[in-house]
Amino acid sequence: MDDGYSYILMMIDRFSRGPEATPIRNITVATVAKIFLSTWISRYGTPDTFTTDRGAQFESGLWRQLIVLFGSKRIRTTAYHPCTNGMVERLHRHMKQVLTSPCPP
Numbered sequence: 001m002d003d004g005y006s007y008i009l010m011m012i013d014r015f016s017r018g019p020e021a022t023p024i025r026n027i028t029v030a031t032v033a034k035i036f037l038s039t040w041i042s043r044y045g046t047p048d049t050f051t052t053d054r055g056a057q058f059e060s061g062l063w064r065q066l067i068v069l070f071g072s073k074r075i076r077t078t079a080y081h082p083c084t085n086g087m088v089e090r091l092h093r094h095m096k097q098v099l100t101s102p103c104p105p
């Protein structure tokens with residue numbers, strides 16, 4: 001990706017299935033929390049339930065404090081079992097195809 005963006009933060013509303021993909025420079029908890037607050041929370045409000053993988057940023061004390069502050073419940077996907085988070089995994093696969101496909105002339 002250009003301009004130092006090496007990652008994409010992917011979020012999906014499980015009810016509407018509406019995706020959100022935001023390019024980010026790193027995956028530190030501070031960056032992920034800031035982007036989550038400025039994109040998802042600012043537009044849609046606080047979700048009742050968060051489903052996350054077991055990435056270090058989601059296992060951190062800061063992330064746990066945010067969940068408590070929001071009054072939300074947290075569900076962690078099963079490690080090394082991607083089908084437990086199939087909706088996001090399908091979005092990952094689609095985004096990878098889009099980002100790696102050649103642009104038409």
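Count the sequence shown with full-length UniProt numbering and you get residues 1 to 105, in order. For each residue, glycine too, the CB sits at the ideal point set by N, CA and C.
Short Cβ contact (8 Å threshold) for residue 77 with residue 93: For this step, residue 77 is matched to residue 77 along the sequence shown. For this step, residue 93 is matched to residue 93 along the sequence shown. The answer is no: Cβ separation not under 8 Å.
Are there 16 or more other CB atoms within 10 angstroms of the CB of residue 15, so buried, or fewer, so exposed? Working through the sequence shown from its first residue, we reach residue 15 at position 15. So residue 15 counts as exposed.
Quick check: residue 47 and residue 72, are their CB atoms within less than 8 Å of each other? Counted from its first residue, the sequence shown places residue 47 at position 47. Counted from its first residue, the sequence shown places residue 72 at position 72. In contact: residue 47 and residue 72 (Cβ atoms closer than 8 Å).
Which same chain residues end up closer than 8 Å to residue 26 when comparing Cβ atoms and leaving out the 5 residues on each side of it in sequence? Along the sequence shown, one-based indexing puts residue 26 at 26. Closer than 8 Å at Cβ, skipping near neighbours: 6 and 7.
Any idea what DSSP makes of residue 52, helix, strand or coil? Start at 1 with the first residue of the sequence shown, and residue 52 comes out as number 52. Strand at residue 52.
In the DSSP assignment, find the unbroken beta strand (DSSP E) run with residue 9 in it and report its ends. Counted from its first residue, the sequence shown places residue 9 at position 9. Looking at the DSSP string, the run of the beta strand (DSSP E) that includes residue 9 is 7-12.
Between residue 23 and residue 91, which are expected to be in contact by the criterion C-beta below 8 Å, what is the C-beta distance as a whole number of angstroms? Position 23 of the sequence shown, counted from the start, is the residue given in the question as residue 23. Position 91 of the sequence shown, counted from the start, is the residue given in the question as residue 91. Wrong, their Cβ atoms sit about 15 Å apart, outside the cutoff.
Give a yes or no on whether the C-beta atoms belonging to residue 57 and residue 29 are separated by under 8 Å. Locating residue 57 in the sequence shown gives position 57, where the first residue counts as 1. Locating residue 29 in the sequence shown gives position 29, where the first residue counts as 1. Yes, Cβ-Cβ distance for residue 57 and residue 29 is below 8 Å.
In chain order, what residues of the same chain lie with their CB nearer than 6 Å to the CB of residue 79, ignoring the 5 residues before and after it? Stepping through the sequence shown from its first residue, residue 79 is reached at position 79. Same-chain partners within the cutoff: 54.
Quick one: using the 10 Å Cβ neighbour count with 16 as the cut-off for buried, is residue 110 buried or exposed? The first residue shown for the chain is 1 and the last is 105, placing residue 110 beyond what the model contains.
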